[in-house]
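Participant: My questions all concern the structure below.
Below, the structure is given as structure tokens:
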């Protein structure tokens, strides 16, 4: 089992959103680079970074912060948020990012996503964010009628080999992950699934491990 700590970034700072609500933002004093180094020192083998400014389409990005994180740690990092063009993928990989997460664009442009999965292979992951089983996009601000599991099956057909699944209602609440959603996603797609959101204690991790 791979345990991946997460860093969410707004305006160059570490934050936590409650259920993806930008109005319920908690800012931390930790510098993202220092936090990444701390996670590495604590034994993390991978680090998950989300650029919430880019995800929201706010016209701002945190690429320089991401570059500093990648240069400062020796463990691989994966990055998501606002990745909607091939140039975005290439730029992040050039910064030293090991894996890039595609989210909104998978829903809005399947042919492009399929081409990117073919070109970049394991350097990409499919990020599926949902509330009440339905996919949300554009930094969680837009809803849809698309079921998360149905999208999971589609990304498998597109050629993706890994899904990062987030139940938004759990994210930032520190009340445990969506075990049923994770299990269904893995069962229906047959792909490895990273459970994201809600994990707050060792018991949550033990429970997730039982699903392996």
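In my numbering, the protein residues as written are 99 to 310. Glycine is no exception: its CB is placed at the ideal position from the N, C-alpha and C atoms. Quantities reported herein were computed from a predicted structural model and do not represent experimental measurements.
1) Return yes when the Cβ of residue 282 is within less than 8 Å of the Cβ of residue 233, no when it is not.
2) Quick one: what's got a C-beta closer than 8 Å to residue 165's C-beta in the same chain, skipping five residues either side?
3) Pull up the distance between the alpha-carbon of residue 152 and that of residue 123, whole angstroms please.
4) Hey, which unbroken runs of the beta strand (DSSP E) at 3 residues or more fall wholly within the stretch 188-244?
5) For residue 300, count neighbouring C-beta atoms within 10 Å of its own C-beta (all shown protein chains included) and say buried if the count is 16 or more, exposed if not.
6) For residue 306, collect the residues of the same chain with a Cβ closer than 6 Å to its Cβ; drop the 5 residues on either side in sequence, then sort them by chain order.
7) Cutting at 6 Å between CB atoms, please list the residues of its own chain near residue 137, excluding the five before and the five after it.
8) Taking the C-alpha atoms as reference points, what is the distance between residue 231 and residue 244?
9) Cα separation between residue 288 and residue 261?
10) Mind reading off the beta-carbon distance from residue 223 to residue 278? Whole number of angstroms is fine, and I expect it under 8 Å.
11) Give me the residue from 111, 143 and 110 with the minimum Cα distance to residue 101.
12) Reducing DSSP to helix, strand and coil, say where residue 111 ends up.
13) If the criterion is Cβ atoms closer than 8 Å, does the pair residue 333 and residue 117 meet it?
14) Within 10 Å of its beta-carbon, does residue 141 have 16 or more other beta-carbons around it, so buried, or fewer, so exposed?
15) Under the rule that 16 or more other beta-carbon atoms within 10 Å means buried, what is residue 169, buried or exposed?
16) Can you check DSSP and say which residues form a bridge with residue 147?
17) Residue 161 by DSSP, collapsed to three states: which one?
18) Identify which residue in 203, 148 and 119 has its Cα closest to the Cα of residue 110.
19) CA-CA distance, residue 263 and residue 115?
20) Buried or exposed: which applies to residue 290, given that a residue is buried once 16 or more other Cβ atoms fall within 10 Å of its Cβ?
21) DSSP state of residue 168, grouped into three classes?
22) Where does the unbroken alpha helix (DSSP H) through residue 304 begin, and where does it stop?
Facilitator: On the basis of the supplied data:
1) With respect to the 8 Å criterion, residue 233 and residue 282 are not classified as neighbours on the basis of their beta carbons.
2) Taking C-beta separations shorter than 8 Å and ignoring five residues to either side along the sequence, the partners of residue 165 in its chain run 193 and 194, following chain order.
3) Taking the straight line joining both Cα atoms gives about 16 Å.
4) Runs of the beta strand (DSSP E) inside the stretch 188-244: 197-200 and 222-229.
5) With fewer than 16 other Cβ atoms within 10 Å, it is exposed.
6) So the qualifying residues of the chain are 293.
7) When the five nearest sequence neighbours on each side are left out, the beta carbons in the same chain lying within less than 6 Å of the beta carbon of residue 137 are those of 103 and 145, in order along the chain.
8) Distance between the alpha carbons of residue 231 and residue 244 is about 9 Å.
9) Looking at the two C-alpha atoms, the distance is approximately 10 Å.
10) Taking C-beta atoms under 8 Å as the contact rule, residue 223 and residue 278 fail to qualify, at a distance of about 21 Å.
11) Nearest option by C-alpha distance: 143.
12) Residue state, collapsed to three classes: strand.
13) Nothing about residue 333 can be read from this structure; the chain reaches only from 99 to 310.
14) Exposed, because fewer than 16 other Cβ atoms sit within 10 Å of the Cβ of residue 141.
15) Exposed.
16) 105 and 177, per the DSSP bridge assignment.
17) In the structure shown, the three-state DSSP call for residue 161 is helix.
18) Per the Cα distances, 148.
19) Rounded to whole angstroms, residue 263 to residue 115 spans 17 Å at the Cα level.
20) Label assigned to residue 290: exposed.
21) DSSP places residue 168 in helix when its eight states are reduced to three.
22) Counting along the chain, residue 304 sits inside the alpha helix (DSSP H) bounded by residues 300-307.
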